[in-house]
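Asks: Before we start, here is the structure in question, set down as C-alpha cells.
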Amino acid sequence: MKEYQPKILSGKPAAQGIGIGTVWILPDENKAIRPEKIKKNEIEKHIKKFESAREYLTIEYEKIKNIPADYELAEIIDAQIQTLNDPEVKLSIEKKIRVDYYTVEYAIFSTFNEYIQLLQAANAKWANERMIDVVSIRDEMIEATWEKKKDFDVKEGQVVFATDISPTNMVKLSHIKISGIVMKKGGFTSHAVILSQSLGIPCVINANWDRLSLKKGYDVIIDGSTGQVILWPSWKQSEEYRKRRLDGLVRYEKALEWAQKANRTTCGYPFVLRANVEFLEELPRLESHGAKGIGLLRTETLLFEAEEFDVNQQVNFYRNVAKASKNESVTIRLFDAGGDKILENSDFESNPFLGWRGVRMLLDKKDLLKNQLEAIYRVSGEFPGKLKILIPMVSRLEEILAVKKLCKTVQRVLSKKSVHFDEGVKIGVMVEVPSIALTAGRIAKHCDFFSIGTNDLTQYTLAVDRGNERISYLFDSFHPAIWKLIKMTKDAADRHGIPVAICGEMASKPEAAACFLGMGINDLSMNTASLPAVKSVLCSHARNEMEKLSADVLKSEALKEIHELLEPWRAI
Ligand code: PEP
Ligand code: MG
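Right under this line is the structure:
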C-alpha cells in the first residue's frame, strides 16, 4: 500500500476554527457553451426555460438572505437578485433567443460574458470581485435551465476544496454541515468568507493545491486560525487537532464573555488591546470583541482597488475608520505594497520580500506617498489627537527622515490651502527588519513610537520566507532571537521615552501576549477574532507571574524550552 506522508499547504486564515475530514472537490464551473442555433418553433420553449431559471434562482437567493450574518450579506444578495432581474440582461437574452435563434444556454452565456469583458477591462480589485459574482450567476442560471441538475454529492464532515464558491453553493454547503473550506482564490471580503464566518465554518483562502494532485476522500485537517492545511495528517497530528478543535470551541464561547470586561490583570496592571483592520466590513467587530481602537490599519487594499489614485477615496476610508473607533486612536500604516502584495505592472523581482517593498517603494513613488499623507492629514483635522502614522518595512534611519520631510511638505501645502489638520499626528516606525531592532536606540530619537511587526521580523531574522510552505516548520516567532530583538527594542524605547506596541500575529497568541506584558509591553494589536481569548488570559493572571514568565523565556536557549514555558499560558 502506498504510504502518504503529511503535506502542509499554507494559505491565509479567513474564518477561525479547525476542520477535520476528507477532501471533496467542487468542480470548476467554468463552462464554455457553444453557440448552437434553435428552430423557430423552439423559441417559446427556450424563453420559458429562461423565465423559470430566473424565478428559481431568485427564490434561492431570497433563501440565502435568511441566514443570519454579521455583515451586509443582505445587500450583497440583493445586488445578485438585481443583476438576475436586470431589464437589460433580460432584453439581451430574449433577443439572442428570438432574433438570433440561439439556445437559452448560449443566450445567457454570451450576455453575461459581454458584462464580464467590461469588468475585465476595468482591471481593478472591485471589478475582480464583481466578476466572481457575475460568473457565478451566469453558471447558476445556465445550470438552472437544465432538466437534470448537477450532482452535489458532498457529505457531512467533508472539507470542500474549491477555486471559488458562489453564494448559492455556499447555502447548499451550509445545509450539509461541512467541516471546512479551502479556496484557491477568495478575498477576506468574498461572500464565501463572510458566510463561512457567519456559519462558523473554518476557512482558508489563497491556498493553491495544484501541485498536490488532490483526490476526493484524502484525509485533511485545516486550521482557519493559521491558514494551514495538512493533507494526509499522521495519527498524532489528527489527535492533536481533534483536541485543539474541541478546546477551541469551548474557549471561544467562554472568551467572548470577557470582551466587555476591564483591561486589567488580577493585580490591576492595565493593558490595551487593539484591532488589526484592513476592511470596513471588520469595523462592527471592534465593539463586540472589545477592541480599543485600531493598532494597525493596513491600507494596501486601497492601492489595489484604485483605478486612478484618488485622495478623496482615501479620505472617506480613513474618516469611516476613525468614526468607528469612537474615542480610541487609529494607527494608519502607510502602503506596504511589495513582498507578497505585489502591485500590478511592477517589474519582476526574483526576491520580492527583499526587494521594492513598503517605504522603499513609497520613497520611489513620492506622489503616491504625498497623496496618502495628504488624505491622512486632511482627516486628522476632523479627529484631533486620534490618528497616527506608521512607516512600514523601514531598514535604515534615512528612510524615516525622508518620510518626515515629506510630512512637513504636505503640511505646508495644506496650510497654504487653509486646510485644517492636526499638527501633532505621531509618526511611528514598524520594527520588522532586524537592523531596526538592533539600532532601536538611534532610531527612537527620530520617531514617536515603535510598533513591532513580528511576522516580518521573524521572516527576516530567521531567513524563512513567510509564504513558503516547504519551510513553514522553520517559521517560529518564539525563536529566542525574536524575543531578544523585541526586548532590545523595548529597552531602547524606554531609554528614549517612546511607547512600543506589538502588531504582528504573535500578539494574538495569549501565551505570547502574557510574556509581552511581563516585559512591560502592554499595547497589543491583533485580528479581532483573537481579542477575547487573549483578554481572558491576561485578565486571569497577575503581573508578577507574567514577569517571571518573560524572564524565563528570555533566559531560554532552546526553542523547545520556550514552547514548554509558554504552553500553560495558551488559555485560561
Ligand atoms: C508584520 O510584519 O508583523 C505585520 C504586522 O505586517 P504585515 O503582516 O502586514 O506584513
Ligand atoms: Mg510586515
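So in the working numbering, spot 232 of the sequence shown is number 223, and the numbers just go up one at a time. Cβ atoms here follow ideal geometry from the backbone N, Cα and C, with glycine treated the same way.
1. Determine which residues share a DSSP beta bridge with Gly419 and list them.
2. Report yes if the C-beta distance between Ile133 and Ile99 is below 8 Å; otherwise report no.
3. Run the proximity test for Asn446: is its beta-carbon closer than 7 Å to any non-hydrogen atom belonging to the ligand PEP?
4. Taking only three categories from DSSP, how would you classify Asp467?
5. Across which residues does DSSP place Asn513 in a beta bridge pair?
6. For the beta strand (DSSP E) that contains Leu17, what are its first and last residues?
7. For Val151, count neighbouring C-beta atoms within 10 Å of its own C-beta (all shown protein chains included) and say buried if the count is 16 or more, exposed if not.
8. What's the call for Ser187, buried or exposed, on a 16-neighbour Cβ count within 10 Å?
9. Rounding to the nearest angstrom, what Cα-Cα distance links Ala153 and Arg351 in this structure?
10. Terminal residues of the continuous alpha helix (DSSP H) containing Phe344?
11. At which residue ranges does the segment 259 to 325 contain complete beta strand (DSSP E) runs of 3 or more residues, listed in the order of the chain?
12. Under a three-way DSSP split, which group does Ser1 fall into?
13. In this structure, how does DSSP classify Lys56 when only helix, strand and coil are distinguished?
14. Could you say if the segment 30 to 47 and the segment 75 to 88 meet the contact criterion of at least three C-beta pairs nearer than 8 Å?
15. With Val90 as the anchor, note down where its beta strand (DSSP E) starts and where it stops.
16. I believe Pro193 touches Ala23 by the beta-carbon criterion, under 8 Å. Please report the beta-carbon distance rounded to the nearest angstrom.
17. Could you give the distance in angstroms between the alpha-carbon of Cys398 and the alpha-carbon of Ala313?
18. Mind checking whether Leu545 and Lys478 have CB atoms under 8 Å apart?
19. To the nearest angstrom, report how far apart Leu381 and Gly215 are at their CA atoms.
20. What does DSSP give as the partner residues of Gln111 in its beta bridges?
21. Can you tell which of Gln304, Val416, Asn199, Thr452 has its C-alpha closest to the C-alpha of Leu345?
22. Counting along the chain, where does the beta strand (DSSP E) carrying Val150 start and finish?
23. Report the rounded CA-to-CA distance for Gly10 versus Lys417, giving the unit in angstroms.
24. Determine the DSSP secondary structure at Lys146, reduced to helix, strand or coil.
25. Cα separation between Gly444 and Glu423?
26. Note down the Cα distance separating Thr94 from Pro26, rounded to an integer number of angstroms.
27. When we look at the beta-carbon of Pro18 and count the other beta-carbons within 10 Å, is it buried (16 or more) or exposed?
28. Can you tell me whether DSSP reads Leu359 as helix, strand or coil?
29. If you check the beta carbons only, do Gly284 and Val241 fall under 8 Å apart?
Replies: According to the structure data:
1. Answer is Leu381, Phe440, bridged to Gly419.
2. Against a cut-off of 8 Å, the Cβ pair of Ile99 and Ile133 comes out as a contact.
3. Yes.
4. Coil at Asp467, not helix or strand.
5. In the DSSP secondary-structure assignment, Asn513 is not bridged to any residue.
6. DSSP places Leu17 in no beta strand (DSSP E); its state is neither H nor E.
7. Buried, because 16 or more other Cβ atoms sit within 10 Å of the Cβ of Val151.
8. Under the 10 Å beta carbon count, Ser187 is surrounded by 16 or more other beta carbons and is classified as buried.
9. Within the model, the alpha-carbon separation for Ala153 versus Arg351 is close to 36 Å.
10. Looking at the DSSP string, Phe344 is not in any alpha helix (DSSP H), and its letter there is neither H nor E.
11. Whole beta strand (DSSP E) segments, 3+ residues: 263 to 268, 285 to 288, 321 to 324.
12. Of the three classes helix, strand and coil, the one that applies to Ser1 here is strand, per DSSP.
13. Helix.
14. Put simply, the segment 30 to 47 touches the segment 75 to 88. At least three CB pairs are less than 8 Å apart.
15. Careful: Val90 lies outside any beta strand (DSSP E) and carries neither H nor E.
16. With 8 Å as the limit, Pro193 and Ala23 do not qualify as a contact, their Cβ atoms being about 33 Å apart.
17. Roughly 20 Å separates the two Cα atoms.
18. For the 8 Å CB-CB criterion, Leu545 and Lys478 form a contact.
19. Whole-angstrom Cα-Cα distance: 28 Å.
20. DSSP lists no partner for Gln111.
21. Taking only the C-alpha atoms, the option nearest Leu345 is Thr452.
22. Segment 150 to 153, the beta strand (DSSP E) holding Val150.
23. Linking Gly10 to Lys417 through their CA atoms gives a straight-line distance of about 42 Å.
24. Lys146: coil per DSSP, three-state reduction.
25. When the Cα atoms are used, Gly444 and Glu423 turn out to be separated by approximately 5 Å.
26. In a straight line, the C-alpha of Thr94 is about 8 Å away from that of Pro26.
27. The residue is exposed, with fewer than 16 neighbouring Cβ atoms inside 10 Å.
28. Three-state result, Leu359: helix.
29. For the pair Gly284 and Val241, the CB atoms are not nearer than the 8 Å cut-off.
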